[in-house]
Structure formats: structure tokens, C-alpha cells
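Asks: In full-length UniProt numbering, the protein residues as written are 1 to 302. Following this message is one structure expressed as C-alpha cells.
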Amino acid sequence: MNLRAIDLNLLTVLDALLDEAHVTRAAERLGMSQPAVSNALERCRHLFKDPLLLRGQGMMRRTPKADSLRLPLKNLLADALALVEPVAPDLMQLQQTVHLNMPDFAASLVVGQLYADVARTAPGVDLVIYPWRGPAAVLDELTKGTVDLAMATLPPPGASFRMRELRRTFYRVVMRKGHPAAADFSLQRWLSHPHVSVSASGDTEASVDRALLAHQLERRVSLIVPSFLMVPNLLLQSDLIAVVPNRFVPKDDGRFAVFEPPIPLDSFPVHIAWHVRRDKDVVVQHVAGLLADAISNDSGEV
């Protein structure tokens, strides 16, 4: 095929269409009219010899061919942008939005410092923090380009990603002051009361449960909530017990009892990750560096 016969602007429109699976939303995202985007879709269908988007009940769905094009298309557009804009821009003049995903307890610790540093060094850069939905979901979001950076405990993500370990953190057992298990705290007392666990995806088994299983023990998790921010009030209002990252232990104001876990619980790493497509994105890399600095400068454990 002769590349000179191809309007490469079509690929930008196709990228938006495949992301949105909706002509009107793609048009709004691109600042184009709906008829122009519809026309571009027809030209893309002819170019790739595939319908790409099929109409359904009130929505459109991507064909298998369209799904297979998404990642190569995003990589191609990113490489083309790096080719035509090789000079590092002035961060003070740039306007860009960086999308981040991290668990709420981590965000509550570092986002304030991160925002202050971004506002000082790159005032035209805006930040969007997305709710945590688990490692698999965030790697998918990084792949699709809906998220630029992730900070969390992540599994080895594969060759398409960059990942750095920023620091390690560990667990503490927390309950209200005066809890029946707080007097002469022990493994037996710990397991004799119901626990609250945190899972954004509703998982019923956490690393604590796997550690207990290795000792042929189990606990009763009677409440699972999506956010660590909910835990302190729940502990104060009940006889629930929580196991939380050390840095998220409530402040020592006399209302909580805090203990070392009665069985060994491994510390865990906190990573920052991005797709290789963002390697040369100056703004994303700048924010990644500031995020790493915010964690390093934090006096406690994340």
C-alpha cells in the first residue's frame, strides 16, 4: 500500500473512536463535527476493510479487528508525536492533564505535596486521581492510555510497562481503645473477634488471610469496605479489628489501640508504573519524579 494515499489524520480520529466507541463523544473529544467524524469512520472502514464499530442497542461495540488495532495505533501515534516534537518543551509553559491511579490511603498521604510541587514547577499541568480498582484493572488502564501513572503494590507487569519500587511498608493491628481484645493482646484474642478488611474490588481473601492459612489458621472477616478512609470510624463504633498499612494507622489521640501482628506479615513494596508509551512524555515523567520525591520525603511509611 502506498502511504502517500493515506490521510494520517484518520488515525487520530480512529484512536478517539475506538476509545469512546461513540461517534458523538469522539467528535467532542476531537473538537470536530459529528458528520466529519462519521465520514472519517467510513473511510477507516474502507482502509481496514472491516466495520470496526457495529451498532447495538443504544451503543456501539468494537469488532475483534478494532480491538486488535487499539494498542498498535496508540503506540504509533505516540511515536509519531515524539518524532515531530523531539525538543524538550518548557514545563512552565505546558498545559496538559496527567491521569493517576492509586489506592485512597496512598493518595491521602502524597497528593497534597504532589499538587503543590506540580503547581510550582509546571503550573499549566492538571492532575486527575482515579479510584483504585485493583492491579489488573490499573494495568489495563495504563495499556489503554486512560491512566498515565499508577502508584500501588503491583505484580510484575511485563515488557510493555516500566515499574520502580519506591519504598516498602508493613502492617499494624488496630482496634478501638477498650476493645475486649486489647487487654493482654494475643493471637487467640485477635482471632476471636470479627475483622474489617479493605478491598476496592470486594475480594474476600487478603494477604493477611493467606498468611493465616500458612499457619492453618483463619479469621472471620465480617465486613469488607472499599476504602481505608472508612476504617477508623468503623473501629470506634464496633468491636471490629483491622489490619492496615503502618502509615495509615490513625493518629495517637487516645482512641485506638495499636499492636504488632501476632503472626509474621511480610512488608510489601509500593511501586510507580507507566506504559512504555509514556517514556518520552516529558510531563508524565516530570510528575512521576515529583510523586517519587513526595513519597521519599514523607516521614512515615506509605
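Each residue gets a CB set at the ideal place from its N, CA and C atoms; glycine is no exception.
Going straight from the alpha carbon of Thr-121 to that of Val-173, what length do you get?
Replies: Straight-line Cα distance between these residues: approximately 39 angstroms.
Asks: Any contact of the region 50-66 with the region 104-117, i.e. 3+ C-beta pairs under 8 angstroms?
Replies: Judged by Cβ distances under 8 angstroms, the region 50-66 makes no contact with the region 104-117, as fewer than three pairs qualify.
Asks: Please go through the same chain and pick out, in chain order, the residues whose beta-carbon is closer than 6 angstroms to the beta-carbon of His-195, but skip the five residues on each side of it.
Replies: Correct list, in chain order: Arg-219, Val-221, Ile-241.
Asks: Within a Cβ cutoff of 6 angstroms, which residues of the same chain sit near Val-287, ignoring the five residues on either side of it in sequence?
Replies: Correct list, in chain order: Val-98.
Asks: Please report the straight-line C-alpha distance between Leu-14 and Cys-44, rounded to a whole angstrom.
Replies: Their backbone Cα atoms lie some 7 angstroms apart in a straight line.
Asks: Leu-236 to Met-102, Cα distance in whole Å?
Replies: If you take the alpha carbons of Leu-236 and Met-102, they lie about 26 angstroms apart.
Asks: Between which residues of its own chain and Val-208 is the CB-CB distance below 7 angstroms, once the five residues before and five after are set aside?
Replies: These residues qualify, in order along the chain: Val-243, Leu-265.
Asks: For Ala-150, list the residues DSSP reports as bridge partners.
Replies: In DSSP, Ala-150 forms a bridge with Asn-101, Ala-273.
Asks: Would you identify the three-state DSSP class for Leu-10, choosing helix, strand or coil?
Replies: Of the three classes helix, strand and coil, the one that applies to Leu-10 here is helix, per DSSP.
Asks: Look at the alpha carbon of residue 303 and the alpha carbon of Ala-21, and state the distance between them as a whole number of angstroms.
Replies: Here the chain covers residues 1 to 302 and nothing more, so residue 303 does not appear.
Asks: Which residue or residues does DSSP assign as beta-bridge partners of Phe-161?
Replies: For Phe-161, which the question treats as bridged, DSSP gives the partners His-275.
Asks: Identify the continuous alpha helix (DSSP H) that holds His-46 and give its terminal residues.
Replies: From DSSP, the alpha helix (DSSP H) with His-46 extends over 34-48.
Asks: From Leu-290 to Tyr-130, what distance separates their C-alpha atoms?
Replies: Cα to Cα, the separation comes out at about 18 angstroms.
Asks: With distances taken from CA atoms, which of Ser-197, Ala-181, Asn-39 is nearest Trp-190?
Replies: Of Ser-197, Ala-181, Asn-39, the residue nearest in Cα terms is Ala-181.
Asks: Rounded to a whole number of angstroms, what is the C-alpha to C-alpha distance between Gln-95 and Leu-18?
Replies: Going from the Cα of Gln-95 to the Cα of Leu-18 covers about 25 angstroms.
Asks: Please go through the same chain and pick out, in chain order, the residues whose beta-carbon is closer than 6 angstroms to the beta-carbon of Gly-124, but skip the five residues on each side of it.
Replies: Once the five neighbours on either side are set aside, the close Cβ partners of Gly-124 are Leu-94, Gln-95.
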